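Asker:
Numbering (the working numbering), first residue to last: 1052 to 1786.
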């Protein structure tokens, strides 16, 4: 959930062990393993402006400028660029980039790749024909252009050439005087009123209103604790105001903060309350000259004064975090979290798509540190569901539901939406999300969730509208680098495919790959679009790129997607040719030792070739290995095996797979088992049973309509044209 600007509420904070912020997931073993590394070459980074081709780079401002205009870079992207510039012509290894830019933190491969991609987009570079940054496969990157001094400032006017006449020299002199005067005025104004940085935080010593001078050190302690937390986490640029700073009222606080160029100020005060110490803290929006948030006073004995100060600091920093980092709405929640809990929450959120078990551990830690942190509990519940721990996730939601009296309407709506999601009630989930969007119209998370529910409801236009709003928003860098942002492009491609807009589908897939070039799902979307458009050349370029991209997996998987799409679009000979290539690709990669996903792809290619005997053998081997496992892959394997067996007349195997699927919780599996049982029944000729199973699937939340257009269309082939099925699976009226 994203942040808002006005906040109320509060409560006591908690302390505990925290992780570096922002947290990163476990790295890939190719270059992120914690191994001994050779000593890196000396780091030489330009400090002031420098030239790269047509660009002038300003490291201190995080900006690159050319005649085309200025482009802002994320801090880590600028750090990477200056490191490459300092080592111009040399290969800077991935290890060195991580050590210097991320200070050795363990990050995912996509983080480094996306940072380089961001640099290329800003500079207008092409990875295939680089003018600036060249990729050195399996090693790192190097800067291939010249690094030079910046051109003379445009405001500078040198002496006129001898050939210029006196009037020309006089005119130039007048222009020069005007420019210099304007620059001087601007300089004076800038010194008087420095620019306000929204991410810079001034922390003022708390006012000691107890009348006891012995408590004066606590006022400074509060400031130092806040500055220390922000500095060590790297969350924001924190500046300590001097101990003699006078803040007085809100206007005085803002005046003081403007002098430091800070966009936000943290202030507070110490009071005596019935002999106990009360600590109050607040956030001030300097630009607006308004109070952002004030925590409830933390009250404790004088003997535990340090703990009270620390609790108040944790809570006000938690409010600051939710304000700046777009992960929660403090003004719409009962109270913001403690800062330590929030850091764990962020760490888990950032690695959600890369390392779900680690993400769950961070979210559990966030809840442990702050049991009243509603957003962390909601996200933990959903993470447990994705990890096939449906019962544990539902138990968290039930506990939250019992606490409604302590929560706000905004939090009730989130609980309602998540419970509806767990129960497969997509219409109710969408209704709750629509109400949340009314309260938080700029929340990118809500747009993202609405897009997913819209696709499950077979409403591709609604998904496109939500995703367009998401992509048009001015989002922070950590969002646009997140795996969920890659998923937003995959969803946009799927929705475009569902309405037959295959050009739009191709644009969405390629735009997504511009940010996430190695994402397998986006590659699959591009393959599907190329096949739908009969763009053989584009498909071949994609296959070639996948062949040299380890993260993409076996390129044969893309051929299966393309083959299924060609078949769905009435090009059987092309579908057969692509399926044959896919089988060869899988076979060359040792199918017996391949991952189960690849072998499922092999079986699907064999089905397209109507080699049902081998397809059944492959699926039978996978099913035996999976044993009693549950989840999306085992469900798909059993469903495909049941359908293939039914097509071959192997009634015993088909019924056995249907029975296995029947033992699974359709609700916990979002209706997938019932869907596959319906497909098996259809191929067995049991039409009424098939329709009943499909109804059960829809009631349990099944909504993989995108796959019915291509990859899984053949599963329901016997039901095509049946009015009841068409009515059930046809597109619903869009939002």
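For every residue, glycine included, the Cβ atom is placed at its ideal position computed from N, Cα and C. Just so you know, these numbers come straight off a predicted model, no measurement behind them.
When the Cα atoms are used, what is the spatial distance from residue 1630 to residue 1615?
Answerer: Against the chain shown, residue 1630 aligns to sequence position 579. Against the chain shown, residue 1615 aligns to sequence position 564. Straight-line Cα distance between these residues: approximately 8 angstroms.
Asker: For residue 1333, write down the residues that DSSP places opposite it in a beta bridge.
Answerer: Start at 1 with the first residue of the chain shown, and residue 1333 comes out as number 282. DSSP, once it has assigned bridges, lists 1318, 1345 as partnering residue 1333.
Asker: Compare the beta carbon distance of residue 1396 and residue 1368 with 9 angstroms and say whether it is the shorter of the two.
Answerer: Counting from 1 along the chain shown, the entry for residue 1396 is found at position 345. Counting from 1 along the chain shown, the entry for residue 1368 is found at position 317. No; because the gap between Cβ atoms is not below 9 angstroms, this pair is not in contact.
Asker: List the whole-angstrom C-beta distance separating residue 1568 from residue 1604, where the pair is believed to meet the contact cut-off of C-beta under 8 angstroms.
Answerer: As a position in the chain shown, residue 1568 is number 517, starting the count at 1. As a position in the chain shown, residue 1604 is number 553, starting the count at 1. The pair is not a contact, with the Cβ atoms about 14 angstroms apart (cut-off 8 angstroms).
Asker: Do you know how far the Cα of residue 1334 is from the Cα of residue 1371?
Answerer: For this step, residue 1371 is matched to residue 320 along the chain shown. For this step, residue 1334 is matched to residue 283 along the chain shown. In a straight line, the C-alpha of residue 1371 is about 7 angstroms away from that of residue 1334.
Asker: If you pair each beta-carbon of the region 1317 to 1327 with each one of the region 1343 to 1354, do three or more pairs fall below 8 angstroms?
Answerer: Contact annotation: the region 1317 to 1327 touches the region 1343 to 1354, with at least three C-beta pairs closer than 8 angstroms.
Asker: Classify residue 1257 as helix, strand or coil using the three-state DSSP reduction.
Answerer: What you label residue 1257 is simply residue 206 of the chain shown in a count that begins at 1. Coil at residue 1257, not helix or strand.
Asker: What are the residues that DSSP puts in a beta bridge with residue 1289?
Answerer: Against the chain shown, residue 1289 aligns to sequence position 238. 1252, per the DSSP bridge assignment.
Asker: Do residue 1576 and residue 1548 count as a contact pair if the criterion is CB distance below 9 angstroms?
Answerer: For the purposes of this step, residue 1548 is identified with residue 497 of the chain shown, where counting begins at 1. For the purposes of this step, residue 1576 is identified with residue 525 of the chain shown, where counting begins at 1. The answer is yes: Cβ separation under 9 angstroms.
Asker: Count the other CB atoms within 10 Å of the CB of residue 1519; is the residue buried (16 or more) or exposed (fewer)?
Answerer: Against the chain shown, residue 1519 aligns to sequence position 468. With fewer than 16 other Cβ atoms within 10 Å, it is exposed.
Asker: Quick one: what does DSSP say residue 1109 is sitting in, helix, strand or coil?
Answerer: Position 58 of the chain shown, counted from the start, is the residue given in the question as residue 1109. Correct three-state label for residue 1109: strand.
Asker: Quick check on residue 1123: buried or exposed, where buried means 16 or more other Cβ atoms within 10 Å of its Cβ?
Answerer: Translated into positions along the chain shown, residue 1123 becomes position 72. The residue in question, residue 1123, is exposed, as its Cβ has fewer than 16 Cβ neighbours within 10 Å.
Asker: Among the residues of its own chain, which have a CB less than 7 angstroms from the CB of residue 1625, if the five just before and after it don't count?
Answerer: One-based indexing of the chain shown puts residue 1625 at position 574. Hits under 7 angstroms: 1617.
Asker: Can you tell which of 1126, 1758, 1754 has the C-alpha that lies nearest to the C-alpha of residue 1720?
Answerer: Residue 1720 sits at position 669 when you count from the first residue of the chain shown. Cα-wise, what sits closest to residue 1720 is 1754.
Asker: Taking a contact to mean a Cβ-Cβ separation below 9 angstroms, would you say residue 1253 touches residue 1315 in this structure?
Answerer: Taking the first residue of the chain shown as position 1, residue 1253 is located at position 202. Taking the first residue of the chain shown as position 1, residue 1315 is located at position 264. Cβ atoms of residue 1253 and residue 1315: closer than 9 angstroms.
Asker: Run the CB neighbour count on residue 1360, radius 10 Å, all protein chains shown included, and call it buried at 16 or more, exposed below.
Answerer: The sequence position of residue 1360 within the chain shown is 309, counting from 1. Residue 1360 is buried by the Cβ-count criterion.
Asker: With a Cβ-Cβ cutoff of 9 angstroms, do residue 1451 and residue 1428 count as a contact?
Answerer: For this step, residue 1451 is matched to residue 400 along the chain shown. For this step, residue 1428 is matched to residue 377 along the chain shown. Taking 9 angstroms as the Cβ cut-off, residue 1451 and residue 1428 qualify as a contacting pair.
Asker: Is the beta carbon of residue 1319 closer than 9 angstroms to that of residue 1271?
Answerer: Translated into positions along the chain shown, residue 1271 becomes position 220. Translated into positions along the chain shown, residue 1319 becomes position 268. No, Cβ-Cβ distance for residue 1271 and residue 1319 is not below 9 angstroms.
Asker: Using 8 angstroms as the Cβ pair cut-off and three pairs as the minimum, do the region 1486 to 1501 and the region 1457 to 1466 touch?
Answerer: yes
Asker: Out of curiosity, what's the CA-to-CA distance linking residue 1154 and residue 1692?
Answerer: Indexing the chain shown from 1 puts residue 1154 at position 103. Indexing the chain shown from 1 puts residue 1692 at position 641. Residue 1154 and residue 1692: Cα-Cα distance of roughly 49 angstroms.
Asker: Going by alpha carbons, who is nearest to residue 1612 out of 1600, 1640, 1583, 1595?
Answerer: Taking the first residue of the chain shown as position 1, residue 1612 is located at position 561. For residue 1612, the nearest C-alpha among the options comes from 1583.
Asker: Sort 1739, 1484, 1664, 1738 by Cα distance to residue 1704 and report the nearest one.
Answerer: Position 653 of the chain shown, counted from the start, is the residue given in the question as residue 1704. Closest by alpha carbon: 1664.
Asker: Considering only the alpha carbon of each residue, which of 1725, 1700, 1699, 1698 lies closest to residue 1710?
Answerer: The residue you call residue 1710 lines up with position 659 of the chain shown. Answer by Cα proximity: 1725.
Asker: Since I believe residue 1193 is in contact with residue 1140 (beta carbons under 8 angstroms), could you give me their beta-carbon distance rounded to a whole number of angstroms?
Answerer: Here the question's residue 1140 lines up with position 89 in the chain shown. Here the question's residue 1193 lines up with position 142 in the chain shown. The Cβ separation is near 6 angstroms, so the contact holds.
Asker: Hey, quick one: how far does the beta strand (DSSP E) through residue 1247 stretch, first residue to last?
Answerer: In the chain shown, the residue the question calls residue 1247 occupies position 196. Note, residue 1247: premise wrong, no beta strand (DSSP E); not H, not E.
Asker: Does the Cβ of residue 1263 have 16 or more other Cβ atoms within 10 Å, making it buried, or fewer, making it exposed?
Answerer: Sequence index remark: in the chain shown, residue 1263 carries index 212 (1-based). Exposed, because fewer than 16 other Cβ atoms sit within 10 Å of the Cβ of residue 1263.
Asker: Which residues in the same chain have their Cβ closer than 6 angstroms to the Cβ of residue 1712, if we skip the five residues on either side of it in sequence?
Answerer: Start at 1 with the first residue of the chain shown, and residue 1712 comes out as number 661. Closer than 6 angstroms at the Cβ level, and outside the excluded window around residue 1712, lie 1689, 1724, 1727, 1728.
Asker: Is it the case that the CB of residue 1573 approaches a heavy atom of the ligand GTP more closely than 8 angstroms?
Answerer: The ligand GTP is absent from the structure shown, which contains no ligands of any kind.
Asker: For residue 1028, count neighbouring Cβ atoms within 10 angstroms of its own Cβ and tell me buried if that reaches 16, exposed if not.
Answerer: The first residue shown for the chain is 1052 and the last is 1786, placing residue 1028 beyond what the model contains.
Asker: Between the beta-carbon of residue 1273 and the beta-carbon of residue 1286, is there less than 9 angstroms?
Answerer: Taking the chain shown and counting its residues from 1, one reaches residue 1273 at position 222. Taking the chain shown and counting its residues from 1, one reaches residue 1286 at position 235. Cβ atoms of residue 1273 and residue 1286: not closer than 9 angstroms.
Asker: For residue 1707, which residues in the same chain have their Cβ closer than 6 angstroms to its Cβ, ignoring the five residues on either side in sequence?
Answerer: The residue you call residue 1707 lines up with position 656 of the chain shown. Nothing listed; no residue qualifies.
Asker: I want to know whether the region 1306 to 1315 touches the region 1407 to 1427 - three or more CB-CB distances under 8 angstroms.
Answerer: no
Asker: May I ask which residues mark the beginning and end of the alpha helix (DSSP H) holding residue 1122?
Answerer: As a first step, residue 1122 must be located in the chain shown, where it is residue number 71. Where residue 1122 is concerned, there is no enclosing alpha helix (DSSP H), although the beta strand (DSSP E) it sits in stretches over 1120 to 1123.
Asker: Given this structure, state the Cα-to-Cα distance separating residue 1149 from residue 1110, to the nearest angstrom.
Answerer: What you label residue 1149 is simply residue 98 of the chain shown in a count that begins at 1. What you label residue 1110 is simply residue 59 of the chain shown in a count that begins at 1. Taking the straight line from one Cα to the other gives about 18 angstroms.
Asker: Counting C-beta neighbours from all protein chains within 10 Å, is the total for residue 1683 16 or more, i.e. buried, or is it exposed?
Answerer: As a position in the chain shown, residue 1683 is number 632, starting the count at 1. Exposed.
Asker: Taking only three categories from DSSP, how would you classify residue 1198?
Answerer: Along the chain shown, one-based indexing puts residue 1198 at 147. DSSP, read as helix, strand or coil, puts residue 1198 in strand.
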